[in-house]
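Enquirer:
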């Protein structure tokens, strides 16, 4: 591709109002989570807050790409925007996975599902490692496949990244299913004692179920359009199947009790 190519137009970036609306929607969520980062200092709160800031920045860059021909023709600006949209999903998925496992650990009925396979699927370090590998492949793949001198490895790495995230999203959905089934069998009094009375504490399993469905919608769309970055970025499908599910997920994370406070004196940021 020559330097005169407008990447924003090539990949279907057209709507300034849509990008502005989503950027504005994330700003109050940023404000909501900042005090929680300071007070709680948990890994989940940190990653969700970072995700919100990344989305604000990414949508602002998208507005600039559409509004300015100079920016739209700047390969580095376009790649930066694509990378920001790609890597942010890491925090949403790992947060959902970790919170579901934390909630499962409080339930006595979840022990019925203990087996070597479940133990492997509930290994946080292994999940984190796979997520990191998928994110790195995605960054390299996006950078290479959208550059002016792409190589054959770029699209391959990008597809591999999507597949890794799809598998991990299905795994997280399975853990959420186990949580829902376990809570149905748990004594409600025990749950209230351990989790509290907030909406997130009382209905956490169903809320995590909604988050899992939204994450699956996003990843199924990414998998369905895996063969074409241009098709994947078409705004009339990208906004409802990628941008909107992400925004609703973050809004659900903001519900009281969904992200529980850490035990007194314990900070699990490195977790």
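Residue numbers (full-length UniProt numbering): 1 to 271. A virtual CB, placed ideally from N, CA and C, is assigned to each residue, including glycine.
#1: To the nearest angstrom, report how far apart residue 52 and residue 252 are at their CA atoms.
#2: Looking at residue 256: is its Cβ nearer than 9 Å to the Cβ of residue 163?
#3: Let me know the alpha helix (DSSP H) ranges lying completely inside the stretch 49-124, each 4 residues or longer, listed in chain order.
#4: Indicate the three-state DSSP secondary structure (helix, strand or coil) for residue 17 in the structure shown.
#5: Out of 178, 77, 85, which has the shortest C-alpha to C-alpha gap to residue 121?
#6: Of all the options 140, 155, 7, which has the alpha carbon lying nearest to the alpha carbon of residue 63?
#7: Three-state secondary structure (DSSP) at residue 197?
#8: Helix or strand or just coil, what does DSSP make of residue 5?
#9: Considering just the uninterrupted stretch of the alpha helix (DSSP H) at residue 154, what are its terminal residues?
#10: Does the structure place the stretch 11-24 close enough to the stretch 59-79 that three or more beta carbon pairs sit under 8 Å?
#11: Taking C-beta to C-beta, are residue 82 and residue 4 nearer than 9 Å?
#12: Looking at residue 213: is its Cβ nearer than 9 Å to the Cβ of residue 92?
#13: With 16 as the cutoff for other CB atoms within 10 Å, does residue 136 come out buried or exposed?
#14: Nearest to residue 247 by alpha carbon, out of 71, 80, 17, 88?
#15: Return the chain-ordered list of same chain residues with a C-beta closer than 6 Å to the C-beta of residue 183, the five sequence neighbours on each side being excluded.
#16: Should the stretch 164-175 be called in touch with the stretch 94-101, which here means at least 3 C-beta pairs below 8 Å?
#17: Kindly indicate which three-state DSSP category residue 145 falls into: helix, strand or coil?
#18: When you compare only the Cα positions, how much space is there between residue 142 and residue 80?
#19: Report the three-state DSSP secondary structure of residue 260 (helix, strand or coil).
#20: Note down the Cα distance separating residue 244 from residue 232, rounded to an integer number of angstroms.
#21: Check residue 254 in the structure and name its three-state DSSP category.
#22: Spatial neighbours of residue 265 within its chain, please: CB distance less than 6 Å, with the 5 preceding and 5 following residues excluded, ordered by chain position.
#23: Roughly how many angstroms separate the alpha carbons of residue 13 and residue 101, rounded to a whole number?
#24: Could you check the C-alpha separation between residue 152 and residue 145 for me, to the nearest Å?
Expert: By the coordinates alone:
#1: 13 Å
#2: no
#3: 69-72, 75-87, 89-104, 116-121
#4: helix
#5: 178
#6: 7
#7: coil
#8: coil
#9: 153-185
#10: At 8 Å Cβ cutoff, the stretches touch.
#11: For residue 82 and residue 4, no; Cβs fall outside 9 Å.
#12: no
#13: Around the Cβ of residue 136, a 10 Å sphere holds fewer than 16 other Cβ atoms; the residue is exposed.
#14: Of 71, 80, 17, 88, the residue nearest in Cα terms is 88.
#15: 205
#16: Counting C-beta pairs with one atom in each stretch, the stretch 164-175 and the stretch 94-101 have three or more that are closer than 8 Å, which means they touch.
#17: helix
#18: 9 Å
#19: coil
#20: 15 Å
#21: The answer is coil: DSSP assigns residue 254 none of H, G, I, E or B.
#22: Summary for residue 265: the model assigns pLDDT 43, below 50, so the residue's position carries little reliability, and this model does not support an answer.
#23: 38 Å
#24: 8 Å
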